[in-house]
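Enquirer: Heads up, the sequence shown is in my numbering, so the first residue is 259 and it goes up one at a time.
Idealized CB from N, CA, C, for every residue including glycine.
For clarity, every value in this text was computed on a predicted model and none was experimentally measured.
I'd like to ask you about the structure that follows.
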Amino acid sequence: FTISLPSSLTTLADDVFSGNGGLKGISLPEGLVSIGFGTFHGCMNLKEIQLPGNLKEIGGSAFSGSGLTAITIPSSVTSLSSSAFSNCADLRSLSFADGTDMLYMKGNEFGYGSPVQSIYLGRNVKAIMNEQDSEGRTLYIGDRNLKELTIGPNIDNMGKLCFMNCGEGLADITVLRDVPPVCENYDVFPYGTYQDAKLHVPSGSENAYSQAVVWKDFLNIIGEELTGIDHVVSGVMESATELHYDLSGRQ
């Protein structure tokens with residue numbers, strides 16, 4: 259079954275749909291700001307969901323064990339709690355929508371064991387232990403299933419992001435920024451990635467990347483006219499919100 263929630267709803271309570279195998283679709287109101295702990299845990303037949311543009315917080319285990327195949331985290335979200343998308347065996351595509359506000363993640367949510375094959379990073383993210391952890395810690399994103407990584411134009415500093423768990427399958431890395439993002443960790447990618455993967459950068463910025471820390475280690479730096487748009491999907495999802503993007507892929 260599918261349901262539409264009332265427009266007045268601002269918070270989804272903990273475990274409210276947990277274990278509901280019959281839930282196949284849900285329309286969330288635009289005014290929703292918080293999704294609680296375990297809200298959609300174990301909803302195996304929930305294959306897709308559109309998170310509203312005013313959402314601020316996603317609780318721990320909110321979608322763990324669900325049937326999601328792809329997820330876009332809106333730029334409005336500033337807090338993503340531990341295990342929010344853990345054990346989603348069919349999750350293949352992950353996108354952090356373009357934004358300028360930092361997203362704080364409690365735990366290495368999309369790291370070891372993640373089935374995700376394609377990631378778009380449109381904003382800066384930081385892993386923290388708690389709200390008092392201002393320095394943050396190394397954030398592992400992606401595992402051996404990751405094949406494609408795109409870094410959006412808003413990311414000027416990679417912080418403590420690390421893709422060391424990714425294996426030989428990570429063949430294409432695209433950075434949509436003319437100025438190479440600063441890397442706080444030197445060991446950002448595994449050794450084999452620097453040798454084998456293709457690093458796609460905006461045309462004219464090849465020299466800058468060939469001299470920048472971390473990026474200069476790539477043997478295959480390719481300058482291209484990049485738009486930030488990888489593909490176009492035709493058709494309209496029921497209850498979908500219309501989004502507009504410029505030719506740089508910015509929302």
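#1: Classify S262 as buried or exposed, calling it buried when 16 or more other Cβ atoms lie within 10 Å of its own Cβ.
#2: Among G380, P310, E306, whose alpha-carbon lies nearest the alpha-carbon of L361?
#3: Look at the alpha carbon of N382 and the alpha carbon of S324, and state the distance between them as a whole number of angstroms.
#4: Please state whether DSSP places D475 in a helix, a strand or coil.
#5: Buried or exposed: which applies to D488, given that a residue is buried once 16 or more other Cβ atoms fall within 10 Å of its Cβ?
#6: Thinking C-beta only, is T269 closer than 7 Å to G289?
#7: Tell me the DSSP secondary structure of Y444 in three-state form.
#8: To the nearest angstrom, report how far apart G427 and S337 are at their CA atoms.
#9: Let's test the definition: count the other Cβ atoms within 10 Å of the Cβ of R435 and tell me whether it reaches 16, buried, or not, exposed.
#10: If you drop the 5 nearest sequence neighbours on each side, which residues of the same chain put their C-beta closer than 6 Å to that of T396?
#11: Answer yes or no: do S285 and H299 have a C-beta to C-beta separation smaller than 7 Å?
#12: With burial defined as no fewer than 16 other Cβ atoms inside 10 Å of the residue's Cβ, what is the status of F259: buried or exposed?
#13: Which whole-angstrom value is the C-beta distance of V446 and V472, which I expect to be below 8 Å?
#14: How far does the alpha helix (DSSP H) with E306 in it extend, from its first residue to its last?
#15: Suppose contacts are defined by Cβ-Cβ distances below 7 Å. Is L309 in contact with L326 by that definition?
Expert: Inspection of the coordinates gives the following:
#1: Exposed is the call here.
#2: Cα-wise, what sits closest to L361 is G380.
#3: Distance between the alpha carbons of N382 and S324 is about 26 Å.
#4: In the three-state scheme derived from DSSP, where H, G and I count as helix and E and B as strand, D475 is classed as helix.
#5: Here the model assigns D488 a pLDDT of 49, short of 50, so the residue's position is not dependable and the matter cannot be decided.
#6: No.
#7: The answer is coil: DSSP assigns Y444 none of H, G, I, E or B.
#8: Computed Cα separation, rounded: 30 Å.
#9: Its Cβ being crowded by 16 or more others within 10 Å, R435 is buried.
#10: Closer than 6 Å at Cβ, skipping near neighbours: K418, C420.
#11: No; because the gap between Cβ atoms is not below 7 Å, this pair is not in contact.
#12: When all chains shown are included, F259 counts as exposed.
#13: The pair is a contact, with the Cβ atoms about 5 Å apart (cut-off 8 Å).
#14: For E306, there is no enclosing alpha helix (DSSP H), since its DSSP letter is neither H nor E.
#15: If you check the CB distance, L309 and L326 do not come in under 7 Å.
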